[in-house]
Amino acid sequence: MENNDLEKVNNKKIDKKEKTDKNKNIETKVVLERRKPSVFLSFILILIGAVICALIFLIFFGDKIINQENQEIQEQEDTSEGEKVEIKEVVKEVRKLNLNVEGDFITLLYGKLTTYNSFLPLVYNVEKTTFDSLSDNNKLLYTLSNSKSIKMSLRQVASKLDNKMTYTEQEMSNYSADKIEIKDASKKYKSIYGSDKEIPLIDADTGMGYVYEYVPEDNCFYGHSYMGGGGSSFSYKTNITKCEANEDGTEVYIYEDFIAMNQTKSSSEGNLWTLYTDSGQSNIVKDDILETYSNGNSLFENMSKEEFLNKYLETNGVNYKHTFKLDDAGNYYWYSTEVNE
78 MENNDLEKVN NKKIDKKEKT DKNKNIETKV VLERRKPSVF LSFILILIGA VICALIFLIF
138 FGDKIINQEN QEIQEQEDTS EGEKVEIKEV VKEVRKLNLN VEGDFITLLY GKLTTYNSFL
198 PLVYNVEKTT FDSLSDNNKL LYTLSNSKSI KMSLRQVASK LDNKMTYTEQ EMSNYSADKI
258 EIKDASKKYK SIYGSDKEIP LIDADTGMGY VYEYVPEDNC FYGHSYMGGG GSSFSYKTNI
318 TKCEANEDGT EVYIYEDFIA MNQTKSSSEG NLWTLYTDSG QSNIVKDDIL ETYSNGNSLF
378 ENMSKEEFLN KYLETNGVNY KHTFKLDDAG NYYWYSTEVN E
């Protein structure tokens, strides 16, 4: 065989071998590419692994965490309950009241029983008396007569006053006016009748020669006397018999006996008086009590008025119950007065 032919044969063998090797490489590459995992499958595998780890963690540590949380909740509840107990104890301590008849607390409450002057009480009635039973005029009179005031010249404020102002310019120099700021009057009113009550902005007349005028311009009351008016012979006597409070101290009760007398008519022998057991003078104990005179003193059944009232207070006095309640502001206010059955 010639050299050229041999060379061709050899070249064909080499080409055939290269083709075979190349085909093998391609098949190997295809197999490798088919076996390479996808991104989605990897993500699924990672997720499954995370879930398995989480389950294992919960199995071993979940109960411990839950028990710890329950323990913390219980401790918080115990603390809260303890705080409630402490608060209750504080409230109970605050309401530990001094019910001594002559103590400051009872004296303070007793001063909230409405009278618009020293000799005419308004709460001792046959029917139960409450805030609504009393007129705005009388509630305001009692409030203002017990409020802080500033004394000033009547002439200084006369131009702002119009209620029974009959004094001449010369006469004014002999009289004064009592100025009461609305804030002081309102504070006193709420103290007596309850923190939810609003003071009436009106003129309040005693009917006895003295009036309180509300002046919007100055937002205050000016109290002043006036010509005319009358007086009263009404006198009364009381005696506190006991003081009590309800279980939680939100209500206080003052019990007291009451008797009163008033001049009702005159006769040729002298003035005649009537004895009552109520402010309204409807429940008569004794009538036509003759007033006599000795050494310039008035006598009733040969006793002074004080002795006479004391005697009948013990034998004929009616017992009344005054109720005071605690409001949201922590103030005890007068709620009612009624006959103690």
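Counting in the working numbering, the sequence shown runs from 78 upward without gaps.
All residues carry an ideal CB built from backbone N, CA and C; glycine is no exception.
Item, Value
"Measure the CB-CB distance between N339 and F385 and report whether it falls below 8 angstroms.", "no"
"Excluding the 5 residues preceding and the 5 following E163 in the sequence, name in chain order all residues of the same chain whose CB lies nearer than 7 angstroms to its CB.", "Unreliable placement is indicated for E163, whose pLDDT of 42 sits below 50; the coordinate value is still reported in the next sentence. None."
"I need the straight-line Cα distance from V388 to K342, nearest angstrom please.", "Just to set this straight, residue 388 is Lys in the shown sequence, not Val. When rounded, the distance between both Cα atoms is 23 angstroms."
"Return helix, strand or coil for L403, following the three-state DSSP convention.", "strand"
"Is it true that the CB of V329 sits closer than 8 angstroms to the CB of Y410?", "no"
"Do the CB positions of T220 and A262 come within less than 8 angstroms of each other?", "yes"
"Following the continuous beta strand (DSSP E) through D334, name the residue where it begins and the one where it ends.", "328 to 343"
"For L352, does the count of other Cβ atoms within 10 angstroms reach 16, so buried, or fall short, so exposed?", "buried"
"If we require 3 or more residues per run, which beta strand (DSSP E) segments fall completely within the region 184 to 265?", "227 to 230, 253 to 258"
"Inspect the CB distances between the region 359 to 375 and the region 292 to 302 and report whether three or more fall short of 8 angstroms.", "no"
"How big is the Cα-Cα spacing for L349 and E415?", "29 angstroms"
"Could you check what DSSP says for S371 in three-state terms: helix, strand or coil?", "strand"
"In three-state DSSP terms, what is G305?", "coil"
"Taking 8 angstroms as the cut-off, decide whether the C-beta atoms of L217 and P277 are in contact.", "yes"
"Which residues in the same chain have their Cβ closer than 8 angstroms to the Cβ of L197, if we skip the five residues on either side of it in sequence?", "S309, F311, S356"
"Is DSSP giving D325 helix, strand or coil here?", "coil"
"Around the Cβ of Y421, are there at least 16 other Cβ atoms within 10 angstroms (buried) or fewer (exposed)?", "With the chain covering only 78 through 418, there is no way to say anything about residue 421."
"Buried or exposed: A127, going by 16 or more other Cβ atoms within 10 Å of its Cβ?", "exposed"
"For G394, which of Y287, D364, Y313, C320 has the nearest alpha-carbon?", "Y313"
"Could you check what DSSP says for N408 in three-state terms: helix, strand or coil?", "coil"
"Between the Cα of Y270 and those of T369, G188, I183, spot the shortest distance and give me the residue it belongs to.", "G188"
"Tell whether a beta-carbon distance below 8 angstroms holds between L176 and E321.", "yes"
"Can you give the beta carbon distance from Y303 to K241, rounded, assuming they're within the 8 angstroms contact cut?", "4 angstroms"
"For S203, which of D364, S345, I336, L376 has the nearest alpha-carbon?", "According to the sequence as given, residue 203 is Val; it is not Ser. Here the closest residue by C-alpha is I336."
"Compute the beta-carbon to beta-carbon distance between N194 and A281, rounded to the nearest angstrom, for a pair I have assumed lies under 8 angstroms.", "Contact flag wrong, Cβ pair sits at about 12 angstroms."
"Based on Cα-Cα distance, which residue from G286, S381, K205, E346 lies nearest to Y244?", "G286"
"Take the Cβ of T191 as the centre, count every other Cβ of all protein chains shown within 10 Å, and call the residue buried at 16 or more, exposed below.", "buried"
"Looking only at its own chain, which residues have a Cβ that is under 7 angstroms from the Cβ of T400, when we skip the five neighbours before and after it?", "E328, Y330, Y412, S413"
"Rounded to a whole number of angstroms, what is the C-alpha to C-alpha distance between T369 and E378?", "8 angstroms"
"If you draw a straight line from the C-alpha of E346 to the C-alpha of N223, how long is it?", "40 angstroms"
"Within 10 angstroms of its Cβ, does E333 collect 16 or more other Cβ (buried), or is it exposed?", "buried"
"Beta-carbon separation of L199 and N316 under 8 angstroms?", "no"
"Leaving out the 5 sequence neighbours to the left and right, which residues in its chain are closer than 7 angstroms to V234 when beta-carbon positions are compared?", "A254, Y299"
"Going by DSSP, name the residue or residues bridged to T351.", "N339"
"Residues in the same chain with beta-carbon distance under 7 angstroms from D405, minus the five sequence neighbours each way, listed in chain order, please.", "S272"
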